[in-house]
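Step one of this worksheet: look at the structure below.
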Amino acid sequence: MAQTLYDKVWQAHVVDQIGDDNLIYIDRHLIHEVTSPQAFAGLNEKNRKVRRPDRTFATMDHSISTRSLALDACGPQNALQLQTLAQNCEEHGIKLYPVGHRKQGIVHVMGPELGLIQPGMTVVCGDSHTATHGAFGALAFGIGTSQVEHVLATQTLKQSKAKSMLVQVNGTLPTGITAKDIILAIIGEIGHGGATGHVIEYAGEAIRALSMEERMTICNMSIEAGAKAGLIAPDETTFAYLQGREFAPSEAHWDAAVASWKALHSDAGAQFDTIVTLQAEDIAPQVTWGTNPGQVIGVNAPVPSPDDFQDPIEQESARKALAYMGLSAGQKLADVAVSHVFIGSCTNSRIEDLRAAASIARQGKVSKSVTAMVVPGSAAVKRQAEAEGLDTIFTEAGFEWRLPGCSMCLGMNDDILTAGDRCASTSNRNFEGRQGRGARTHLVSPAMAVAAALRGHFADVREFQE
Amino acid sequence: MSNQTPGFSEHSGTACPLDQANVDTDQIIPKQFLTGVTRAGYGKHLFHDWRYLDLEEKQPNPEFVLNQPAYRGASILLARENFGCGSSREHAPWALADFGFEVIIATSFADIFYGNCINNQLLPVALAKADMDTLFATVQASPDTNVTVDLPQQTVTAGEQSFHFDIAEHHKTNLLMGLDAIGQTLTLDDAITQYEQQQAPWA
Numbered sequence: 001m002a003q004t005l006y007d008k009v010w011q012a013h014v015v016d017q018i019g020d021d022n023l024i025y026i027d028r029h030l031i032h033e034v035t036s037p038q039a040f041a042g043l044n045e046k047n048r049k050v051r052r053p054d055r056t057f058a059t060m061d062h063s064i065s066t067r068s069l070a071l072d073a074c075g076p077q078n079a080l081q082l083q084t085l086a087q088n089c090e091e092h093g094i095k096l097y098p099v100g101h102r103k104q105g106i107v108h109v110m111g112p113e114l115g116l117i118q119p120g121m122t123v124v125c126g127d128s129h130t131a132t133h134g135a136f137g138a139l140a141f142g143i144g145t146s147q148v149e150h151v152l153a154t155q156t157l158k159q160s161k162a163k164s165m166l167v168q169v170n171g172t173l174p175t176g177i178t179a180k181d182i183i184l185a186i187i188g189e190i191g192h193g194g195a196t197g198h199v200i201e202y203a204g205e206a207i208r209a210l211s212m213e214e215r216m217t218i219c220n221m222s223i224e225a226g227a228k229a230g231l232i233a234p235d236e237t238t239f240a241y242l243q244g245r246e247f248a249p250s251e252a253h254w255d256a257a258v259a260s261w262k263a264l265h266s267d268a269g270a271q272f273d274t275i276v277t278l279q280a281e282d283i284a285p286q287v288t289w290g291t292n293p294g295q296v297i298g299v300n301a302p303v304p305s306p307d308d309f310q311d312p313i314e315q316e317s318a319r320k321a322l323a324y325m326g327l328s329a330g331q332k333l334a335d336v337a338v339s340h341v342f343i344g345s346c347t348n349s350r351i352e353d354l355r356a357a358a359s360i361a362r363q364g365k366v367s368k369s370v371t372a373m374v375v376p377g378s379a380a381v382k383r384q385a386e387a388e389g390l391d392t393i394f395t396e397a398g399f400e401w402r403l404p405g406c407s408m409c410l411g412m413n414d415d416i417l418t419a420g421d422r423c424a425s426t427s428n429r430n431f432e433g434r435q436g437r438g439a440r441t442h443l444v445s446p447a448m449a450v451a452a453a454l455r456g457h458f459a460d461v462r463e464f465q466e
Numbered sequence: 001m002s003n004q005t006p007g008f009s010e011h012s013g014t015a016c017p018l019d020q021a022n023v024d025t026d027q028i029i030p031k032q033f034l035t036g037v038t039r040a041g042y043g044k045h046l047f048h049d050w051r052y053l054d055l056e057e058k059q060p061n062p063e064f065v066l067n068q069p070a071y072r073g074a075s076i077l078l079a080r081e082n083f084g085c086g087s088s089r090e091h092a093p094w095a096l097a098d099f100g101f102e103v104i105i106a107t108s109f110a111d112i113f114y115g116n117c118i119n120n121q122l123l124p125v126a127l128a129k130a131d132m133d134t135l136f137a138t139v140q141a142s143p144d145t146n147v148t149v150d151l152p153q154q155t156v157t158a159g160e161q162s163f164h165f166d167i168a169e170h171h172k173t174n175l176l177m178g179l180d181a182i183g184q185t186l187t188l189d190d191a192i193t194q195y196e197q198q199q200a201p202w203a
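Protein chains in written order, with the UniProt record's numbering: chain F, 1 to 466; chain E, 1 to 203.
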């Protein structure tokens, strides 16, 4: 029977099956300081060991400062959490990339950079944006802390198989439109909870044409549509990205690995529970107007009215969102001033994101009314950007250039906004209070974020293209 | 999940109607409370931004449903679709349980949150939209309505009305038995080892 990519990866990892409950083997387990301490405490209480420390990799990213390498730079609570991670890794023999290490970074930037994520693998992390790694054709999903403990102890998880959804993006992406715009347009189409209970496979000409970093941006936000995971079948782009990376298969195994990876695609005639189709040429630069990522419009579209929605619950959500965001129906985004611009997060902090941002930043200066910052996703991205002189372009334009970490995406450090601030952000969540209590977040691509920084209000980045 | 806990069978109590869709885990427990290294003490920060007018949590917001005297002591939370969306933080079910909720009834749940509830013996009940409308109307009209959730029978009863809910068999069993999931899996050690031995050398 014709199988989907999801079927193939799933089937290859079933250790045992008990009714509708499957025991699934986990190839890679990524951990960070926020969601792991209670899991280690649980293990230690029962004198349980980490089964495969060699398949477990740790980094520090959420609770760290982007101004200082000191672990206590953001207070004693954050420091305790970071020290706890270091101690747990030490005790259980787990490789840790701590603050200041040349391989440290946001877990979903650092993992792929090191070649840890390969096609056909199962990958988990106590973090919902683990979906990022589906860009490699790996089945990657976020888990809770109890499950982190389960994986540490057994290298497996109990799982039920999800439904499948095919998101097909046909055509060629127009100039100025990015992977971020594609995924925001997809979430706008299917809704914030539209893929709940599903694993999405992204396919079509426009997806095939994307680089690995762009594919990671797409898969990263699968969770914002409620999906369990997002997948893209591996191809030559994937293999070229992986070859030679530290944890990629060695030269002796490379050809055999690639041969096996080439079978990882949905067969012709494979059945999906749901199919969604978009045309790349129809996608405009996207900006969220509300308080969930599904509340999104093209930059030149008017802010919607609650009456535009059929469902009374959606109408009420829209009313609440407009009130929180301080926007009114019919308003033009070009008339909405921003106070802050954040470029970073596991969605958009890789080198290609920073190059795209810099190409707009070199065309002007940050507006006097805007505070703008760039936070590279990893120490490696930071080094590369500096080697290319991107840091100079940013600082000369008036952006702050920071140390790598999750930063203002969720503000577990001191990179937080205050009530009434309005931020054009390249992150992944525009929830109420996400970047600070009472602060308003608009999700955009890196280039669109810079356009807003220079103009002081939202602007169509296509006006800047050289 | 790590600890053997007593099983969940039936629960009766009053319900608090949080009439909102897409309640995300950032709202359930904001990031500034995620720096802890234990599972305890998150209840006082539950719904912090909505529940308090100030950052110090000294001024309760009288508008917020959890603060309304009629719903004090509720042990069942009602919500609309996609409850628990967003971050995978297990601090969200820890906060709900620590506050005193034992059951969450909603139109639908986000997947990771749902699993996290099961692993913490907090029962997530998904009801059909029309049933949810009826339940909201009942509890909003009479806040002291006794609501009974019967897991073996898979029913929610409020006054004269009774609604059926679906739950996966393995989730139901785990809740009823209060099983130590890790302990169970560790008994399959041989199968796991066998699986590892047949993996490709580069994996």
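Idealized CB from N, CA, C, for every residue including glycine.
> Just how far apart, CA to CA, sit ALA66/E and CYS16/E?
Replying inline: Walking along the second sequence from the start, residue 66/E turns up at place 66. Walking along the second sequence from the start, residue 16/E turns up at place 16. Sequence check: residue 66/E is Leu here, not Ala. LEU66/E and CYS16/E: Cα-Cα distance of roughly 7 Å.
> So GLY120/F and GLY137/F are in contact, right, with Cβ under 8 Å, and what is the actual spacing, rounded?
Replying inline: By 1-based counting over the first sequence, the position of residue 120/F is 120. By 1-based counting over the first sequence, the position of residue 137/F is 137. Between GLY137/F and GLY120/F the Cβ distance is about 6 Å, and since that is below 8 Å, they are a contact.
> Nearest chain E C-beta to SER128/F closer than 7 Å, yes or no?
Replying inline: The sequence position of residue 128/F within the first sequence is 128, counting from 1. SER128/F counts as touching chain E.
> Starting from THR148/E and walking both ways along the beta strand (DSSP E), at which residues does that stretch end?
Replying inline: On the second sequence, position 148 is the one that residue 148/E refers to. Residues 147-150.
> Does any C-beta atom of chain F lie closer than 7 Å to the C-beta of VAL139/E?
Replying inline: Taking the second sequence and counting its residues from 1, the one referred to as residue 139/E is at position 139. It does not: the Cβ of VAL139/E has no partner Cβ on chain F nearer than 7 Å.
> If we count Cβ pairs, one from each stretch, closer than 8 Å, do we get three or more for the segment 394-408 of chain F versus the segment 56-69 of chain F?
Replying inline: The segment 394-408 of chain F vs the segment 56-69 of chain F: in contact.
>> Using only CA atoms, which one of ILE182/F, ALA453/F and HIS457/F lies nearest to THR371/F?
In response: Position 371 of the first sequence, counted from the first residue, corresponds to residue 371/F. Here the closest residue by C-alpha is ALA453/F.
> Within the 7 Å Cβ cut-off, does ALA58/F reach chain E?
Replying inline: Walking along the first sequence from the start, residue 58/F turns up at place 58. Not a single CB atom of chain E sits nearer than 7 Å to the CB of ALA58/F.
> Under the three-state reduction of DSSP, which class applies to VAL336/F: helix, strand or coil?
Replying inline: Within the first sequence, residue 336/F is the residue found at index 336, counting from 1. Here VAL336/F sits in coil by DSSP.
>> Once DSSP output is grouped into helix, strand and coil, what is the label at GLU169/E?
In response: Start at 1 with the first residue of the second sequence, and residue 169/E comes out as number 169. Helix at GLU169/E.
> Got a sec, what are the start and stop residues for the alpha helix (DSSP H) LYS382/F sits in?
Replying inline: For this step, residue 382/F is matched to residue 382 along the first sequence. It spans 379-387 - the alpha helix (DSSP H) in which LYS382/F sits, taken as one unbroken run.
> Of all the residues that make up the segment 106-125 of chain F, which are near chain E by a beta-carbon distance shorter than 9 Å?
Replying inline: Within the segment 106-125 of chain F, the residues whose Cβ lies closer than 9 Å to some Cβ of chain E are GLN118, GLY120, MET121 and CYS125, listed in chain order.
>> My parser needs the beta strand (DSSP E) runs of 3 or more residues fully inside the segment 112-174 of chain F; what are they?
In response: Listed in chain order, they are 122-125, 139-142, 156-159 and 163-170.
>> Against chain E, with Cβ distances strictly below 7 Å, would TYR6/F count as a contact?
In response: Against the first sequence, residue 6/F aligns to sequence position 6. Taking Cβ atoms only, chain E never reaches closer than 7 Å to TYR6/F, which makes this a no.
>> If I follow the unbroken beta strand (DSSP E) through CYS16/E, where does it start and stop?
In response: Translated into positions along the second sequence, residue 16/E becomes position 16. Start and end: 15-17.
> Name the residues in the segment 430-442 of chain F whose C-beta lies less than 9 Å from a C-beta of chain E; which are they?
Replying inline: Under the 9 Å Cβ criterion, the segment 430-442 of chain F contributes PHE431, GLU432, GLY433, ARG434, ARG437 and GLY438.
> Can you name the residues of chain E whose CB is closer than 8 Å to the CB of MET325/F?
Replying inline: Counted from its first residue, the first sequence places residue 325/F at position 325. Near MET325/F there are no residues of chain E at all, since even the closest Cβ is about 14 Å away, more than 8 Å.
>> Less than 7 Å between the beta carbons of ILE187/F and GLU224/F, yes or no?
In response: Position 187 of the first sequence, counted from the first residue, corresponds to residue 187/F. Position 224 of the first sequence, counted from the first residue, corresponds to residue 224/F. Their beta carbons are under 7 Å apart, which means ILE187/F touches GLU224/F by this criterion.
>> I'd like the list of long-range same chain contacts for GLY197/F, defined as Cβ closer than 8 Å, with 5 residues on each side in sequence excluded.
In response: Reading the first sequence from its first residue, position 197 is the one you call residue 197/F. Counting only Cβ-Cβ distances below 8 Å, and skipping sequence neighbours, we find ALA162, LYS163, GLY226 and LYS228.
> Where in the segment 84-151 of chain E do unbroken runs of the beta strand (DSSP E), each at least 3 residues long, occur, reported from the N-terminal end onward?
Replying inline: Segments of the beta strand (DSSP E) lying fully in the segment 84-151 of chain E: 103-106, 123-126 and 147-150.
> Residues in the segment 21-44 of chain E with C-beta within 7 Å of chain F's C-beta atoms, listed in sequence order?
Replying inline: Cβ contacts with chain F come from ALA21, ASN22, ASP24, ASP26, GLN27, PRO30, LYS31, LEU34, THR35, VAL37, THR38 and ARG39.
>> Please report the distance separating the alpha-carbon of GLU160/E from that of ARG80/E.
In response: Taking the second sequence and counting its residues from 1, one reaches residue 160/E at position 160. Taking the second sequence and counting its residues from 1, one reaches residue 80/E at position 80. Near 22 Å, if we compare the C-alpha coordinates of ARG80/E and GLU160/E.
>> Pop quiz: LEU184/F and PRO293/F are said to be a contact at Cβ under 8 Å. What is the actual Cβ separation, rounded to whole angstroms?
In response: Taking the first sequence and counting its residues from 1, one reaches residue 184/F at position 184. Taking the first sequence and counting its residues from 1, one reaches residue 293/F at position 293. About 7 Å separates the two Cβ atoms, so the contact holds.
> Whose C-alpha, out of ALA70/E, THR187/E and ALA137/E, is nearest the C-alpha of GLN158/E?
Replying inline: Along the second sequence, one-based indexing puts residue 158/E at 158. A quick correction: the sequence has Ala, not Gln, at residue 158/E. The residue with the shortest Cα to Cα distance from ALA158/E is ALA137/E.
>> Could you tell me the alpha carbon to alpha carbon distance between SER328/F and LEU322/F, rounded to whole angstroms?
In response: Translated into positions along the first sequence, residue 328/F becomes position 328. Translated into positions along the first sequence, residue 322/F becomes position 322. Approximately 6 Å between the Cα atoms of the pair.
> In terms of DSSP beta bridges, what is ARG28/F paired with?
Replying inline: Counted from its first residue, the first sequence places residue 28/F at position 28. VAL123/F.
>> Does ALA263/F come out as helix, strand or coil in the three-state DSSP assignment?
In response: As a working mapping, residue 263/F is identified with position 263 in the first sequence. ALA263/F sits in coil when the DSSP states are folded into three classes, being neither helix nor strand.
>> Restricting to Cα atoms, I'd like to know which of LYS262/F, ILE177/F, MET165/F and GLU91/F is closest to PRO53/F.
In response: In the first sequence, the residue the question calls residue 53/F occupies position 53. Between PRO53/F and the set LYS262/F, ILE177/F, MET165/F and GLU91/F, the nearest pair of CA atoms involves GLU91/F.
>> Output needed in chain order: residues of the segment 178-212 of chain F with a Cβ under 7 Å from some Cβ in chain E.
In response: For the segment 178-212 of chain F, the residues whose beta carbon sits under 7 Å from a beta carbon of chain E are, in order, HIS192, GLY193, THR196 and GLY197.
>> Is PRO37/F close to chain E? Criterion is C-beta to C-beta, closer than 7 Å.
In response: Against the first sequence, residue 37/F aligns to sequence position 37. It does: the Cβ of PRO37/F has a partner Cβ on chain E nearer than 7 Å.
>> Just to confirm before moving on: does the CB-CB distance between GLN3/F and ASP235/F stay below 7 Å?
In response: Residue numbering aside, residue 3/F sits at position 3 when the first sequence is read from its first letter. Residue numbering aside, residue 235/F sits at position 235 when the first sequence is read from its first letter. Not a contact, by the Cβ cut-off of 7 Å.
>> Restricting to Cα atoms, I'd like to know which of THR154/F, HIS101/F and LEU173/F is closest to LEU278/F.
In response: Within the first sequence, the letter at position 278 stands for residue 278/F. The candidate whose alpha carbon is nearest that of LEU278/F is LEU173/F.
> Nearest CA to the CA of LYS103/F: which residue from ALA380/F, ARG422/F, VAL444/F and THR395/F?
Replying inline: Within the first sequence, the letter at position 103 stands for residue 103/F. Considering only alpha carbons, the answer is ALA380/F.
> What does a CB cutoff of less than 6 Å around ALA257/F pick up in its chain, not counting 5 residues either side in sequence?
Replying inline: Locating residue 257/F in the first sequence gives position 257, where the first residue counts as 1. The residues PRO249, in chain order, have a CB closer than 6 Å to that of ALA257/F in the same chain once the five nearest residues on each side in sequence are set aside.
>> Using C-beta distances below 6 Å, list every residue in its chain close to MET448/F, excluding the 5 sequence neighbours before and after it, in chain order.
In response: Position 448 of the first sequence, counted from the first residue, corresponds to residue 448/F. Within the same chain, and ignoring the five residues on either side of MET448/F in sequence, the residues whose Cβ sits closer than 6 Å to its Cβ are PRO285 and VAL461.
> Buried or exposed: where does HIS164/E fall if 16 or more other Cβ atoms within 10 Å of its Cβ makes it buried?
Replying inline: Taking the first residue of the second sequence as position 1, residue 164/E is located at position 164. Counting C-beta atoms within 10 angstroms of its own C-beta, HIS164/E has fewer than 16 neighbours from the protein chains shown and is therefore classed as exposed.
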